[in-house]
Structures are given as structure tokens and as C-alpha cells.
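Undergrad:
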Amino acid sequence: MDPIYLDHNATTPVDTQVVDAMIPYMSQNFGNASSVHNFGRDAKVALENAREIVASHINCEPTELYFTSGGTESDNIAILGTAEKYKHKKNHLMVGATEHHAVLETAEYLHKKNGFELDVIPVDKDGFISADSINELITDKTFLTSIMLANNETGTIQNLIPLVGAVQTKRALFHTDAVQAIGKIKVDVKELGVDLLSLTAHKIYGPKGIGALFVKQGVRLEPLFYGGSHEKKRRPGTENIAGAVGLAKTLEIAQSRMEADHKLLTELSDYFILKVQSVLPDVYLNGPKENRIPQTVNLSFQGAEGESLLLGLDLKGIAVSSGSACTSGATEPSHVLQAMGIDKVISQGAIRFSMGRSTTKEQLDYVISVLPEVVNRLRELSPIYNK
Amino acid sequence: MANKVLVAMSGGVDSSVAAFLLKEQGYDVVGAHMKLWDYVEVGGDIYKDGRCCTIDSITDCRVVCDAINAPFYVLNMSRHFRDTVIEDFVSEYDKGRTPNPCIQCNSNVKWTEFLRKAEELGCDYIATGHYSFIEQNKNGRWHIRKGVDVTRDQSYVLWGVSQEALSKTLMPLGGLLKKEVREIAHKYKLRTADKAESREICFVLDDDYRRFLIEMAEKNNKSYVPGEIVHADGRVLGQHKGTAFYTIGQRKGMGISHPTPLYVQVIDVENNRVIVGDNDTLFKSELVADSLNWIAIDSQSEPFDALVKIRYLHEPSEATVLPQADNSVRIVFKDSQRAITPGQSVVFYDNDVLLGGGLIVE
Chain A
1 MDPIYLDHNA
11 TTPVDTQVVD
21 AMIPYMSQNF
31 GNASSVHNFG
41 RDAKVALENA
51 REIVASHINC
61 EPTELYFTSG
71 GTESDNIAIL
81 GTAEKYKHKK
91 NHLMVGATEH
101 HAVLETAEYL
111 HKKNGFELDV
121 IPVDKDGFIS
131 ADSINELITD
141 KTFLTSIMLA
151 NNETGTIQNL
161 IPLVGAVQTK
171 RALFHTDAVQ
181 AIGKIKVDVK
191 ELGVDLLSLT
201 AHKIYGPKGI
211 GALFVKQGVR
221 LEPLFYGGSH
231 EKKRRPGTEN
241 IAGAVGLAKT
251 LEIAQSRMEA
261 DHKLLTELSD
271 YFILKVQSVL
281 PDVYLNGPKE
291 NRIPQTVNLS
301 FQGAEGESLL
311 LGLDLKGIAV
321 SSGSACTSGA
331 TEPSHVLQAM
341 GIDKVISQGA
351 IRFSMGRSTT
361 KEQLDYVISV
371 LPEVVNRLRE
381 LSPIYNK
Chain B
1001 MANKVLVAMS
1011 GGVDSSVAAF
1021 LLKEQGYDVV
1031 GAHMKLWDYV
1041 EVGGDIYKDG
1051 RCCTIDSITD
1061 CRVVCDAINA
1071 PFYVLNMSRH
1081 FRDTVIEDFV
1091 SEYDKGRTPN
1101 PCIQCNSNVK
1111 WTEFLRKAEE
1121 LGCDYIATGH
1131 YSFIEQNKNG
1141 RWHIRKGVDV
1151 TRDQSYVLWG
1161 VSQEALSKTL
1171 MPLGGLLKKE
1181 VREIAHKYKL
1191 RTADKAESRE
1201 ICFVLDDDYR
1211 RFLIEMAEKN
1221 NKSYVPGEIV
1231 HADGRVLGQH
1241 KGTAFYTIGQ
1251 RKGMGISHPT
1261 PLYVQVIDVE
1271 NNRVIVGDND
1281 TLFKSELVAD
1291 SLNWIAIDSQ
1301 SEPFDALVKI
1311 RYLHEPSEAT
1321 VLPQADNSVR
1331 IVFKDSQRAI
1341 TPGQSVVFYD
1351 NDVLLGGGLI
1361 VE
């Protein structure tokens, strides 16, 4: 059996149509979009066309969309950029407890190194945040609240609209990290009402190193970089034309197959959860059954440590993840599951299976056939599992 | 199916070559790096080179494993390491003893937790880059024998490993000289071929254990209490900064002036005193050890003669080991030994075979 990739929330293979769309902007139309000449003009047109496509995907104006290197950079510009702008008037920010490290660590940095007040908004057992929690924590000094649209570990889709309302009533800005939602569910910035939104290409069959930040007309922020006047000085640096073209193509494809993908992935993940629970006892789904990005299946195998499970499956050619992949190779307990109040013993046995367009029922059947051997070995060696 | 082995890789040349040799011998090799501590906890600079547990050394392991086509993982054991090795290190100094954390790590992390991880991954063995042989002797016991390169012998820190654990351990470098190991690494272009030797206490980055103890104490809102430095004849000679900062036989750094050189004789925690005296009085011919573990022989009831080593850099000396009723041993040396230090390990050999060991109590 070829290796099976069930880690699509970490990253995805680039769609060949996307590669084809990008190639002309590597060697052939290689111009610098800032150049006045013919070469530059071609690049500039490609860039602006891409911007229009991406903007239309999230229903914003092209003038409100800034290309970046990806989710982490977009999150950083949104948080650090508004903090810098508002620091003389307001000094309080809030972030969800289950945010990606790109948001959490950035907020912690402002708090620990720059004297900002920080509140971490609690979540319920499925990862949802209530407007009441926001009302309890928000103050007149709050300049920004950052809450992700879909969670990378559990797939929880946050109902942002009431949360955005609660924040904006207090004249604070709302940022959402939509990296795990974009291309998988409808993302409409007008409907959501958010002020800032981060997205990236590589989670949805696009290239790594390209993303975007939506900044609503009228929202002010300071740049992190200084240089030329690219991206209206909000993100200087020679534009990544091939990347932008790739991101646009990625979103076009995602748009065209969103419904079909959603249906397929819902069927596959429902099948998978049911099957796993039928071959093994004491397996729990972390996160909600409904309002979840269906490709994300976070399962706890009680009595088996997530780290060992992950390695055991890798040795069988099955690629999954425990916790977030962004912790430099060493596995740490998941802050997401901890925030959801999941029992420590159960959260230690958590594994994230994230499916994608190439996932087949046959692959899942193979995983289901291998899981009992790996899990039972761990349970037998476990001092705490009650056999 | 080939036997599967989990190789403990530090990022150094020894464990790299160990992994390589096992692969050559047909084992199904999996490499793993134990992440034992982090910089937030122990202080120090993550960007410094040449340490284990750094991103750079992890990268070295990764590249070596890729070259030999073995999967590689980082295993986070920092919580376990802190709870066993680091806590023991601090508390031993508090008790006026001089610990050897490598022994704690081997007994309570490598040959327990790491071995458990190996079993979890379906591995039959673990392997390390120690220059020793592991053999089953005619009594059916698994023993450790010094490797061909006696200058690299680390059997002293292995006395606490259980029989069960030894039976599942491979040490492929036993028959090689360090020079040959480097040659193999060069020949097969392993990235770690020229890496410098690792150090003794991995988590004390600047080799200043006193700085480490002070930082750990500050984190726990604890402080060391100064007291008197007293001559064996009763004269008070000066002040110490806390008994934990002194070890038996120490001469430098005491801040006292005396016409003849003075050495730490006794760390008297109870009375918060450090007792000093002449070099001559440091020589003793007896010690008592407990927490014993037997390697080549089963636990003994009758006295026996052995070569006995009392610290890492100590030439094994002839002695008689006298087992006591309370599971301790009394050891009587033929010639008296300098600076026998409570907390250090005492290890017994029959020529180059490790018989067993324990912790010096007095």
C-alpha cells in the first residue's frame, strides 16, 4: 500500500491546474509588478487580476485585499499592526483560547513584552465561544478581538456573527483567522461583518508562501515591514506574482467544487468515525458533530498516547497528526483540547485525521484495519488503561 | 521480518554510526531523539551550537536518518526528565551529596521511558552509541563489558540498568575505536562525522552547576542559607554561600586564606557547615553504598573481591565488597582512596565486566 496522507489540515498537494497557472509567471512573464515597462505591466495586470478573483471569493473590494506570505504573516499584520496604531488610545486585546499559535503567540508577545492587557476567551466543550463571554471581558480599552473561523485541530466552525456584533458594539475591531475555512465553506466578509481576515493557499491545494489579509475599508493599521510602496505600503516587498496567480486559481477551483467536496468529505468522515468506533472501544470524537469542517476528524483513543499513536501509524505508512504540526517536531499536549476542558487522559490520546480530495474509502478501510493493532499494543502497555 | 530497533540519537557521531551499523546489519532501524529539557526551564541560549536537545542537533539526527533511510522522531520526555533527573539533581545537592545526573537519566529515563516508547512502537530493541558490549553470561544474566576503546568507556554510568532492559539493548560500537567510528562516519558521509564530543551534564549549559541551582531555587522561591566554613580542628575560617555549592575534595572558590591548602572534607547539612582540612585526611579506605543494582551477578550475600570505581574519572581499585543485611554494601579498599563522595556512584568490576553498582552514602 502506498503511504496514506491524512494530514490535509497541515498542508495539501498543489493542484496541477494551479501549477499550470503559475508556471508562466516564473520564467516567461517574470516582470516586477512595480516596473514601468512592458514586462512590469504584464506582471501588474496578473497581480491585479488575481487580487480581483481572491477579493470576489470573500466578497470584498480588491482595494481591501493585501497579499502576504501566508496565514502567520496575515495574523501578525492584523494583530501587531492594529496594536501599533491604537497603542496610545487602547491597550486591551482578546483572543480565543483555541486560536492557532500565529495568533496566540503574537498576542502573548504584545502582552508580555509590550505591556498590552490580554484576555483569552474561554470556549465550551466543542470549542464554541458565546457572545456573553465577550461581553464579560470586553472593555472601553479593547482595540481588537481575534477569533478563528474554523479550528485547525477539531474543525469547529465558529458562529462569528453574534461575536462580531458584541465586539463592534464596543467600537473594537474583529479579526478572524480563516485559514482552515477558506475554500472549504462559504466565507463572505460582508455577511460575517469582520474587519480583518487572514487566509492562505496551501491548505486548499495551492502553493505555500502565499496568502492574503483582508482589511476593511477605513480600518487603520501600521505595517510590519518598511520598503517600497507595494501593497499600498502595508506589505512592502516585490510581489509574488506566481503565488498570487496560484492563490486565485486555487480559490476558483475550490469555489467550483466546494459543494461536491463537502458532500464527499462528510460521507467519508462519517463513515470513518462510525467504523473506528465499531472496531475499537473507548474512542471519542473531539469537537462538535455538526458545524464542523467535515474533513477534520479528531479522535481520542483512551489509554493510548497521541504521540505514540502518531508514530505507530507513521511506521505503517499512515500520515496523521497529534496536536498542531507547527511545534517544531516535538509533540506537545494540545492547547485546543485543553481549552475545551477535555479530560487530560483523553486529550493525551488525541489524533487528528484530516482528509482531502484524494482520500478514498479504500484508504480509510486500510487505516481502520491497522488501527486496532497499533492502539491495542499501546493500551496493553499503558499503566492507566483498564483492559 | 527484520528485528526492529529504536536508536537513541543525540545528534553526535557515536549514535549516528550506531544507527548506520545496525541498518547495515539488516535491522529495521527507527531513529529517535529524546527532548529532555528546554531552555525556558534550564536557562541558556538556544542558538548556541554543539548541545544536545537543540534544533540544530535534531536536524543533524534527521539528516543522518534520511541518509540511512530510517524514519526519525523527536520524543518529548522533558516532563519525565524534570520530575526524575532534574529534581533529584537539586535535592541531592540539598542533602549535601554530589549527584551524577547521567546515571539517573540512564536508569530512569533511557532504560525505562525510552524503552517503553520503543515497545509502544513495536520495536524489539533499543540501541545506543555507548562503547560497550552487552552479553548474556553463562549464568543467564545480561552483563555490560567495556568496549575495545577503553578510553571511551561509559560503563560507570550504566550500573542502574535492569536485566530486563539490558536484554533488549544493542550497543553496536563495543568493538570499535572512536577513531574508527569517525572513519565510518566520514566514509559514508554522515553529517555528524566531525562533531565535537558532548559534555557531561547536558542541562547545565555553562558547566556552572551553582548558577543552575541558584536559578532553579529562584524559580521555586527558595534560597540557599550561608553558614560557616570550619576547620576539622574546630576553627571557624570563613563563610560559605550554601552547602549545596561545595563538593568533597574541593579546594578552590572557598574564599578563605590559610597557610596550607585546605580541602572540603565533610558537608554537614544538619549544622549548615562546610568542614575543611588537609589533603591527607581526605583519604579513606571504606565506604557504604545502597540503592544497589546487580548486573553480571545476582545479589550477593558473601563478601567478594572486585575492582571498584568511585567516580567517573577514577582508576578502578582493588577492594572487598561486603554485602550487609540491610541490602547495602560496605566496601574496604586495599589502598585508601581520595575524596569518597556521598551521592556519587560506586561500581564494581571483574576485570572489564560490570558486576553492579550503587550510590555512596558515607
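Respectively, the protein sequence lines represent chains A and B. Using the working numbering, you'd call the opening residue of the first sequence number 1 and step up by one each time. Using the working numbering, you'd call the opening residue of the second sequence number 1001 and step up by one each time. Here a beta-carbon is modelled for each residue, glycine too, at the ideal position from N, C-alpha and C.
Is the Cβ-Cβ distance between Leu-47 of chain A and Ile-241 of chain A less than 8 angstroms?
TA: yes
Undergrad: Is there a Cβ from chain B that is less than 8 angstroms from the Cβ of Leu-435 of chain A?
TA: Only positions 1 to 387 of chain A appear in the structure, and residue 435 of chain A is not among them; the question remains open.
Undergrad: When you compare each of B:Asn-1351, B:Arg-1311 and B:Met-1171 to Thr-1128 of chain B by their alpha carbons, which one comes out closest?
TA: B:Met-1171
Undergrad: What residues from chain A crowd round Val-1030 of chain B, counting only those whose CB sits closer than 9 angstroms?
TA: Within 9 angstroms Cβ-Cβ: Leu-311 and Leu-315.
Undergrad: Examine the Cβ distances between the region 153 to 168 of chain A and the region 115 to 130 of chain A and report whether three or more of them are shorter than 8 angstroms.
TA: At 8 angstroms Cβ cutoff, the stretches touch.
Undergrad: Residues of chain A with CB closer than 9 angstroms to the CB of Tyr-1125 of chain B, please, in chain order.
TA: Under the 9 angstroms cutoff, chain A gives no residues; its nearest Cβ is about 15 angstroms from Tyr-1125 of chain B.
Undergrad: List, in chain order, every chain A residue whose beta-carbon is nearer than 7 angstroms to that of Lys-1117 of chain B.
TA: Ser-308
Undergrad: Does any residue of chain A bring its CB to less than 8 angstroms from the CB of Gly-1122 of chain B?
TA: yes
Undergrad: Return helix, strand or coil for Thr-1243 of chain B, following the three-state DSSP convention.
TA: helix
Undergrad: Report yes if the C-beta distance between Arg-1330 of chain B and Gln-1324 of chain B is below 8 angstroms; otherwise report no.
TA: yes
Undergrad: Helix or strand or just coil, what does DSSP make of Met-22 of chain A?
TA: helix
Undergrad: Quick check on Tyr-1073 of chain B - is its C-beta less than 8 angstroms from some C-beta in chain A?
TA: Closer than 8 angstroms: yes.
Undergrad: Mind listing the chain B neighbours of Leu-378 of chain A? Cutoff is C-beta to C-beta under 8 angstroms, in chain order.
TA: Going along chain B in sequence order, the residues near Leu-378 of chain A (Cβ under 8 angstroms) are Glu-1120.
Undergrad: Output yes or no for whether 8 angstroms exceeds the beta carbon distance between Ser-69 of chain A and Gly-209 of chain A.
TA: yes
Undergrad: Residue ranges of each alpha helix (DSSP H) run of no fewer than 4 residues wholly in the region 259 to 317 of chain A, ordered along the chain?
TA: Segments of the alpha helix (DSSP H) lying fully in the region 259 to 317 of chain A: 306 to 314.
Undergrad: Any contact of the region 1143 to 1154 of chain B with the region 1176 to 1192 of chain B, i.e. 3+ C-beta pairs under 8 angstroms?
TA: yes
Undergrad: Pull the bridge partners of Arg-352 of chain A from the DSSP assignment, please.
TA: A:Asn-298 and A:Ser-321
Undergrad: Hey, how far is the Cα of Asn-1271 of chain B from the Cα of Leu-1213 of chain B?
TA: 20 angstroms
Undergrad: Going by beta carbon distance, what residues of the same chain come within less than 6 angstroms of Gly-1050 of chain B, once the five residues before and after it are set aside?
TA: Caution is warranted here: a pLDDT of 46 is assigned to Gly-1050 of chain B, below 50, making its placement in the model unreliable, and the coordinate value is therefore given only provisionally. Cβ contact annotation for Gly-1050 of chain B (same chain, cutoff 6 angstroms, sequence separation greater than five): Ala-1196, in chain order.
Undergrad: Closer than 8 angstroms, CB to CB, is Leu-381 of chain A near chain B or not?
TA: yes
Undergrad: Judging by CA-CA distance, which residue of A:Glu-61, A:Ala-78, A:Asp-119 and A:Phe-143 is the nearest neighbour of His-88 of chain A?
TA: A:Phe-143
Undergrad: Does Val-1074 of chain B come out as helix, strand or coil in the three-state DSSP assignment?
TA: strand
Undergrad: By how many angstroms is the C-alpha of His-1130 of chain B removed from the C-alpha of Lys-113 of chain A?
TA: Cα-Cα distance, rounded: 44 angstroms.
Undergrad: Helix or strand or just coil, what does DSSP make of Glu-61 of chain A?
TA: coil
Undergrad: Could I get the ranges of all uninterrupted alpha helix (DSSP H) runs contained in the region 1052 to 1124 of chain B, with 4 residues as the minimum, in chain order?
TA: Scanning the region 1052 to 1124 of chain B from its first residue to its last, the whole alpha helix (DSSP H) runs of 4-plus residues come out as 1055 to 1067, 1078 to 1081, 1087 to 1094, 1101 to 1105 and 1115 to 1120.
Undergrad: How would you write the range of the beta strand (DSSP E) that Ser-146 of chain A sits in, first residue to last?
TA: 142 to 146
Undergrad: Going straight from the alpha carbon of Gly-1140 of chain B to that of Asp-1278 of chain B, what length do you get?
TA: 48 angstroms
Undergrad: For Leu-1021 of chain B versus Val-1005 of chain B, is the C-beta distance shorter than 8 angstroms?
TA: The answer is no: Cβ separation not under 8 angstroms.
Undergrad: Whose C-beta lies closer than 8 angstroms to the C-beta of Gly-329 of chain A among residues of the same chain, with five residues either side of it excluded?
TA: Bear in mind that the predicted position of Gly-329 of chain A carries a pLDDT of just 42, short of 50, making it unreliable; the figure below should be weighed with that in mind. Excluding residues within five positions, none has a Cβ falling inside 8 angstroms.
Undergrad: Report the CB separation of Arg-1082 of chain B from Trp-1111 of chain B in whole angstroms; it is logged as a contact under 8 angstroms.
TA: By a beta-carbon distance limit of 8 angstroms, Arg-1082 of chain B does not contact Trp-1111 of chain B. Their separation comes to about 18 angstroms.
Undergrad: Can you name, in chain order, every residue of its own chain whose Cβ lies under 7 angstroms from the Cβ of Cys-326 of chain A, other than the five neighbours on each side?
TA: With a pLDDT of 43 at Cys-326 of chain A, under the threshold of 50, the modelled position of that residue is not reliable, and the figure given next carries that caveat. Here the set comprises His-101.
Undergrad: May I ask you to report which of helix, strand or coil DSSP gives Val-120 of chain A?
TA: strand
Undergrad: Would the beta-carbon of Arg-1182 of chain B fall within 8 angstroms of that of Glu-1228 of chain B?
TA: no
Undergrad: Where Val-1017 of chain B and Leu-1190 of chain B are concerned, what is the direct C-alpha to C-alpha distance, given to the nearest angstrom?
TA: Taken atom to atom, the span from the alpha-carbon of Val-1017 of chain B to that of Leu-1190 of chain B is near 8 angstroms.
Undergrad: Let me make sure I understand the geometry here. Which of A:Gln-255, A:Met-258 and A:Glu-290 has the alpha-carbon closest to that of Asp-270 of chain A?
TA: The residue with the shortest Cα to Cα distance from Asp-270 of chain A is A:Glu-290.
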